[in-house]
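Heads up: the structure comes next, in structure tokens.
Right, dumping it as structure tokens:
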């Protein structure tokens with residue numbers, strides 16, 4: 001992965017899978033994961049990056065761009081499954097058969113739960129991107145102890 005924002009997952013890097021997991025699991029960033037490589041995903045990655053740069057909030061904001069939708073499918077599905085109980089948008093469930101329509105998802109910084117999912121056809125604008133970052137940070141604002149790590 002590149003060290004800039006967005007951090008583009010490079011399948012030519014032998015450690016790309018572990019670097020992706022470490023990006024999410026290490027520290028407390030809000031990670032905005034973009035999946036795919038078309039004009040809509042480019043727009044979403046650009047907006048997410050703009051809203052991440054210069055942010056002075058409690059949690060760092062990082063954009064991870066996985067240009068090949070299938071490259072980290074198992075890992076992405078693992079995180080998307082957490083939306084079943086915790087997501088605010090679009091609803092409280094995630095149907096794995098809709099994975100190919102997922103444009104992006106946003107993970108909370110401590111629990112690494114999916115809080116916001118962008119699917120094809122969703123409105124992609126500054127407001128929706130800022131809203132996604134904000135929603136991802138809500139649970140952590142409650143000052144609840146994070147789960148024990150194993």
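Residue numbers (my numbering): 1 to 150. No residue lacks a Cβ here, since even glycine has one placed at the ideal position from N, Cα and C. Note that the coordinates shown come from a computational prediction; the quantities given were computed from them, not determined experimentally.
Selection from the options that minimises the alpha carbon distance to residue i
i	options	result
residue 80	66, 104, 59 and 125	104
residue 130	57, 74 and 68	57
residue 111	82, 95 and 133	82
residue 139	11, 28 and 108	108
residue 46	63, 96 and 127	63
residue 97	127, 23 and 77	77
residue 24	37, 135, 123 and 114	114
Cα-Cα separation, residue i to residue j
i	j	result
residue 119	residue 41	10 Å
residue 116	residue 101	14 Å
residue 2	residue 26	With a pLDDT of 46 at residue 2, under the threshold of 50, the modelled position of that residue is not reliable, and no figure is offered here.
residue 74	residue 14	17 Å
residue 9	residue 35	10 Å
residue 137	residue 30	7 Å
residue 51	residue 12	28 Å
residue 134	residue 128	10 Å
Cβ separation of residue i and residue j, assumed to be a contact under 8 Å, to the nearest whole Å
i	j	result
residue 72	residue 17	7 Å
residue 5	residue 28	With 8 Å as the limit, residue 5 and residue 28 do not qualify as a contact, their Cβ atoms being about 16 Å apart.
Under 9 Å between C-beta atoms of residue i and residue j
i	j	result
residue 55	residue 61	yes
6 Å CB neighbourhood of residue i in its chain, flanking five on each side removed
i	result
residue 132	106 and 116
Same chain, Cβ closer than 8 Å to residue i, neighbours up to 5 away in sequence not counted
i	result
residue 125	47
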